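Chains as they are written, first to last, in the numbering used here: chain A, 108 to 217; chain B, -12 to 99.
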């Protein structure tokens, strides 16, 4: 499983766009990239998953450059309720072992 | 809304006692995971099952932890005997593999 590196923490203000970048230099050809969000006292929640280029859903966008050695989770116009820990994971397509790193603690201020 | 259900939500016990945590995965999901979360270690993968068969339990202390799936609707995690260092939040998650998991609300365990 490829190791991931994310910033430990980030601060933002309400209404801003937040971009969290994850490095995964050893990503393999069969690996996908997944992001989770975790609020205090809750389990992690799946946000978005992608393999290459750009993926967008109602919550976020995921940008993956051609070399796939990094990815960026983009949260448009964050609100106070987006304060959470965000995890980047890399795993094999069709695989099962799902390992979480330390995550990025995002704090959104008013 | 389908969800993963974990019981109990909170458990306080004394060192040496047996602790059993239960998880009802989302109906139809074929993969079940157990995680432990602490401030120091973050989210640790303890064990996971596919189609009720254990695939990997290398993250568990074997001498005191055991995980089973008696049937497709129930997964259990047992600690015997419990120790203060086992205090943590234990999460169960289910899915079809491929990295997309659905987590329960967790069991907050305190071992005194």
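Where is the CB? At the ideal position from N, CA and C, for every residue including glycine. Please read all numbers here as calculations on a predicted model, not as lab measurements.
* Mind pulling the chain B residues with CB within less than 7 Å of residue 147/A? -> Within chain B, not a single residue places a beta-carbon under 7 Å from that of residue 147/A; the smallest gap is close to 11 Å.
* To do: Taking only the alpha-carbon atoms, compute the straight-line gap between residue 15/B and residue 34/B and give it to the nearest angstrom.
  => Distance between the alpha carbons of residue 15/B and residue 34/B: 19 Å.
* **Closer than 7 Å at the beta carbon, the chain B residues around residue 144/A** => Correct list: empty, because the minimum Cβ distance to chain B is about 11 Å.
* Asked: Which ranges does the alpha helix (DSSP H) cover as unbroken runs of at least 4 residues, wholly within the stretch 118 to 182 of chain A, from first to last along the chain?
  -> Complete alpha helix (DSSP H) runs here, min 4: none at all.
* To do: Measure the Cβ-Cβ separation of residue 166/A and residue 154/A and say whether it is below 8 Å.
  => Going by C-beta atoms, residue 166/A is nearer than 8 Å to residue 154/A.
* To do: Put residue 58/A into one of helix, strand or coil per three-state DSSP.
  => The requested residue 58/A is not part of the displayed model; chain A covers only 108 to 217.
* Would residue 37/B count as contacting chain A if we go by Cβ distances under 8 Å? -> Taking Cβ atoms only, chain A reaches closer than 8 Å to residue 37/B, which makes this a yes.
* Asked: If residue 140/A and residue 156/A are in contact, beta carbons under 8 Å, what's the gap, nearest whole angstrom?
  -> Between residue 156/A and residue 140/A the Cβ distance is about 7 Å, and since that is below 8 Å, they are a contact.
* **Residue from -1/B, 0/B, -5/B and 20/B whose Cα sits closest to the Cα of residue 204/A** => It is 20/B whose Cα lies nearest to the Cα of residue 204/A.
* By the criterion of Cβ-Cβ separation under 9 Å, what are the contact partners of residue 108/B in chain A? -> Outside the modelled stretch of chain B, which goes from -12 to 99, sits residue 108/B, for which no answer is possible.
* What are the residues that DSSP puts in a beta bridge with residue -3/B? -> 95/B, per the DSSP bridge assignment.
* So what's residue 71/B in DSSP terms, helix, strand or just coil? -> Looking at residue 71/B - three-state DSSP - the assignment turns out to be helix.
* Can you list, in chain order, the residues of its chain whose CB lies under 8 Å from that of residue 76/B, leaving out five sequence neighbours each side? -> These residues qualify, in order along the chain: 23, 24, 25, 93, 94, 95 and 96.
* Enclosing beta strand (DSSP E) for residue 58/B [first to last residue] -> Residue 58/B -> beta strand (DSSP E) spans 52 to 58.
* According to DSSP, what are the bridge partners of residue 110/A? -> Paired residues: none, contrary to the question.
* **Any C-beta of chain A under 8 Å from that of residue 32/B** => Answer yes: the Cβ-Cβ gap between residue 32/B and chain A drops below 8 Å somewhere.
* Could you tell me how far apart the beta carbons of residue 36/B and residue 151/A are, in whole angstroms, since I believe they sit closer than 8 Å? => Not a contact, Cβ separation roughly 19 Å.
* **Contact with chain A by residue 92/B, beta-carbon distance below 8 Å** => A Cβ of chain A is located within less than 8 Å of the beta carbon of residue 92/B.
* Asked: Does the separation of the CB atoms of residue 8/B and residue 63/B fall below 8 Å?
  -> Going by C-beta atoms, residue 8/B is nearer than 8 Å to residue 63/B.
* How about residue 196/A: is its C-beta nearer than 8 Å to some C-beta of chain B? -> At least one beta carbon of chain B lies nearer than 8 Å to the beta carbon of residue 196/A.
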